[in-house]
Amino acid sequence: MKYQEFTPTGRLSAYVQCIYLFESDQLTGVDDIVFPGGSMEVIFNLGSGVWKTASQGLYRPTPVIELWGQLTKPLPIRSEGKNQMLGVRFYTHAITSFFREEIWELNDQVCNAIDFFGKSIYHLHERLLDTPLLTHRIDLVEQYLLSRLRQSKGPGIKTNLVGQIIRELQSDVLCEDIQSIASRYALSPRYLQTLFLRYTGVTPKVYHKLNRFQRSLKLVTRHEVSLTSIAYECGYFDQSHFIREFRSFTGLTPSDFLAESFPVSVALSNG
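FYI, in my numbering the residues of the sequence shown are 93 to 363.
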């Protein structure tokens with residue numbers, strides 16, 4: 093199993109967190125769980141393998157071009173065969189600059205990206221399949237995204253505002269007073285919530301929890317500090333608060349999580 097990340101160039105760096113390649117040569121099926129990460133992704137399946145996600149206990153194949161909505165709960169996946177996935181991970185607030193949808197409706201779903209980007213992304217996938225070099229594939233993806241940006245005329249004032257507030261929440265894990273944040277930007281808490289749902293798919297409070305969880309997940313997988321230290325470093329009230337919230341996003345306590353194996357999620361989290 094191999095995972096690599098690549099930093100987008102030029103104008104895209106304000107919208108795309110990374111472009112990544114995930115490869116697996118395991119011919120036998122691998123079950124895993126993907127945990128909430130706080131962002132949306134488009135993933136191109138360029139291998140011969142099959143990916144499946146579970147809904148209500150049933151595994152179904154994903155589209156060859158996947159659009160991942162915001163995850164707010166753990167999502168079981170199954171990988172079968174030789175996989176090569178080229179993914180685009182957008183910044184939390186940025187995907188609405190590429191298509192106009194009520195993205196909160198996509199939460200906890202893996203959708204067909206063609207339904208949202210149109211046939212142009214299907215043609216991109218065909219070109220990616222015909223292009224063997226990874227650097228050329230990344231160039232094709234970047235060119236496509238830049239063309240979408242030109243069509244949408246880029247981000248508006250509201251997009252930039254949400255991005256600024258997100259950066260504030262990321263820099264201060266203790267910042268949970270949404271009322272204070274709204275007041276600082278001369279917004280009502282209700283309108284701030286509306287903005288976040290429109291541009292991120294989740295409310296400010298849920299985003300704050302997702303950001304805090306992702307930070308704790310990185311620390312847990314490194315095995316370097318105690319759970320109590322992680323709890324306080326990530327802004328939880330105490331260890332029990334940390335364990336409770338960790339379980340809500342993984343289905344497991346931190347100790348049980350460490351006893352299991354989640355190769356896909358650990359790679360994505362620590363990439």
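Idealized CB from N, CA, C, for every residue including glycine. Being a predicted model, the structure only gives us computed values, none of them experimental.
Boundaries (first-last residue) of the alpha helix (DSSP H) holding F329
Element bounds for F329: n/a, residue is neither H nor E.
Beta-carbon proximity list for R219, same chain, < 7 angstroms, skipping 5 on both sides:
Cβ neighbours of R219 beyond the five flanking positions: L232.
Report, in whole angstroms, the separation of the C-beta atoms of N175 and F127, which I expect to be a contact under 8 angstroms.
Actually they do not touch by this definition, with Cβ atoms about 19 angstroms apart.
C-alpha gap between N204 and E193, whole angstroms:
Using only the alpha carbons, I get a separation of about 14 angstroms.
At the level of alpha carbons, what is the spacing between L167 and R290?
Approximately 23 angstroms, taken between the alpha carbons.
Let me know the beta strand (DSSP E) ranges lying completely inside the region 168–241, each 3 residues or longer, listed in chain order.
Listed in chain order, the complete beta strand (DSSP E) runs (minimum 3 residues) inside the region 168–241 are 175–182, 202–204.
Three-state secondary structure assigned by DSSP to K94:
Note: K94 maps to strand in three-state DSSP.
In the structure shown, what three-state DSSP assignment does Q109 receive?
Shown here, Q109 sits in a strand according to DSSP, grouped into three states.
What do you reckon, are the CB atoms on G255 and Y183 nearer than 9 angstroms?
The answer is yes: Cβ separation under 9 angstroms.
If contacts are defined as beta-carbon pairs under 8 angstroms, then R181 and E234 qualify, I think. What distance do you get, rounded to the angstrom?
Rounded, the Cβ-Cβ distance is 14 angstroms, inconsistent with contact.
Taking Q148 as the reference, give the member of D200, I195, H185, I157 with the closest Cα.
Comparing C-alpha distances from Q148 to each of D200, I195, H185, I157 shows the shortest one belongs to D200.
With DSSP run on the structure shown, which of helix, strand or coil describes F136?
Here F136 carries a strand assignment [DSSP, helix/strand/coil].
When the Cα atoms are used, what is the spatial distance from L311 to H185?
Taking the straight line joining both Cα atoms gives about 25 angstroms.
I'd like the span of the alpha helix (DSSP H) that includes P153, first residue to last.
Per DSSP, P153 belongs to no alpha helix (DSSP H); it is in the beta strand (DSSP E), 150–153.
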